[in-house]
Structures are given as C-alpha cells and as structure tokens.
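Structure first, then comments.
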Amino acid sequence: MGKAKKNGVNNIMFKHKLIRALEQAITEVQKRGLLAPSTLPELTVEHPQNSTHGDYASSCPLKLARISEMPPLAIAENIV
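Per the working numbering, residue -17 is the first one in the sequence shown, and the count goes up by one each step.
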C-alpha cells in the first residue's frame, strides 16, 4: 500500500474514532441530564475551512440544537 493511500486510510479510521468519541460524550451528557435524550443525528467530522479553528470540526452541536432547542454553544461546552 502506498504512503498516500495508507495516510488516507488512517485519516478515515481516525475520523471514525472521533465520531465514536462524540457519540459517547453526547450519551454521557444525556445521562447527566444536561441534554434531552433523543436519537442522535448522523455525526460527521471534517477538516475546518479555516485551519486556525483546529484540525477537525463537527456540526453535531448545530444538529442537536434543532432537536433539543438548546443553544449550540451550550451543547458544545457540555460535550467537551
């Protein structure tokens, strides 16, 4: 396997690990009563357009805000 292809596979695997970690964090926040229990939307992790915003980003707080009627920033703060 070429180096570029191997890096692509590693990147995909890492994104899957990040998504799983997000799912676990959201579930924990729901268990603690800081977020209403609900079916989780499809979670994605991507590189932000602006590299000063970090290596990875997710729109999950925005998606959860629609469901829970909470501000996305409050959701993000509870997840982290």
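Here a beta-carbon is modelled for each residue, glycine too, at the ideal position from N, C-alpha and C. Small disclaimer: the values here were computed from a predicted structure and weren't measured.
Check: Could you name the residues of the same chain whose beta carbon sits closer than 8 Å to that of P23, not counting the 5 residues immediately before and after it, in chain order?; Outcome: C42, K45, L46, I49
Check: Based on Cα-Cα distance, which residue from G36, Q12, S40, L16 lies nearest to I1?; Outcome: S40
Check: Tell me whether E5 sits in a helix, a strand or coil according to DSSP, three-state version.; Outcome: helix
Check: Taking DSSP as the reference, what is the three-state secondary structure of A47?; Outcome: helix
Check: Exposed or buried, L17, counting other C-beta atoms within 10 Å across all chains shown (16 or more means buried)?; Outcome: buried
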